[in-house]
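*Asks:* Per the numbering used here, the very first residue in the sequence shown carries number 7; after that it's consecutive.
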Amino acid sequence: MLTIDIFFNALSILCYGDNMALLLIYILQDTLLIMSSLVLFVSFTATFVFQLGLIHIVLVQFLPTIIMSIFYTFVSIGYHYTSLSSTWEDQTVNIFLETHLLIFFIFHKVISCIFYSFYKRTALQISDPKYNSDSTWLRELFIKHMNDKAAKLEARNAAAAT
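Printed below as a string of structure tokens:
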């Protein structure tokens, strides 16, 4: 999916000036970004850690990628809207000559590189066997989590009894 997103980014530069082609590319790219986020969330739920109920461990570990994925999707939609709306009526407008469009273009490309690195790192980490099978690391986390829950429950019962 990342390769297709890179392809769409390159193709959008080549098709600049043809608004209908750009609209189609942008719709496909934004749909792909949403689908890649869904694939990421499905891969989280497929981990053994998530199935044990230790959801917070998965979320804390991969929170930067989740935030970056959402942020990149919004930046992409914003850039696509801005670039299309500025050239829809007047197709002679060149984004490389308009300062605010050029800055947004560069910002979008920088954020896309950061998103690609976060997404790829997460895809490699989520395939680590420690997240997908039973291990001593996971057993220790589960026992610690259950002991913390039991301590909180005892404290709540003690406070309610007094």
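Backbone N, C-alpha and C fix where the C-beta goes; we use that ideal spot for every residue, glycine too.
1. Indicate the three-state DSSP secondary structure (helix, strand or coil) for threonine 168 in the structure shown.
2. Just to confirm my understanding: we take glutamine 97, look at its own chain, exclude 5 residues before and 5 after, and list those with CB closer than 8 Å. What are they?
3. Do you know how far the Cα of alanine 157 is from the Cα of leucine 69?
4. Taking C-beta to C-beta, are tyrosine 125 and leucine 34 nearer than 8 Å?
5. Looking only at its chain, what residues have a beta carbon closer than 8 Å to the beta carbon of isoleucine 31, apart from the 5 residues adjacent to it on each side?
6. Contact check, leucine 144 vs lysine 150 under 8 Å by CB: the rounded distance?
7. Using alpha carbons as the reference points, say which of Lys155, Thr128, Leu147, Asp154 lies closest to phenylalanine 50.
8. So, using beta-carbon positions, are phenylalanine 148 and leucine 58 closer together than 8 Å?
9. Leaving out five residues before and five after histidine 86 in sequence, what residues of the same chain have Cβ atoms less than 7 Å from its Cβ?
10. With distances taken from CA atoms, which of Phe102, Ser43, Thr88 is nearest threonine 71?
11. How close, in whole Å, do the beta carbons of leucine 108 and serine 92 come, if the pair is a contact with beta carbons under 8 Å?
12. Is it buried or exposed for histidine 62, if we count other Cβ within 10 angstroms and need 16 for buried?
*Replies:* On the basis of the supplied data:
1. coil
2. Counting only Cβ-Cβ distances below 8 Å, and skipping sequence neighbours, we find Gly23, Asn25.
3. Cα to Cα, leucine 69 sits roughly 27 Å from alanine 157.
4. In this structure, leucine 34 does not lie closer than 8 Å to tyrosine 125 by Cβ.
5. Phe14, Leu17, Ser18, Cys21
6. Not quite, the Cβ-Cβ distance comes to about 11 Å (not below 8 Å), so this is no contact.
7. Looking only at Lys155, Thr128, Leu147, Asp154, the smallest Cα-Cα distance to phenylalanine 50 is reached by Thr128.
8. yes
9. Tyr32, Asp36
10. Ser43
11. That pair is no contact at about 11 Å.
12. exposed
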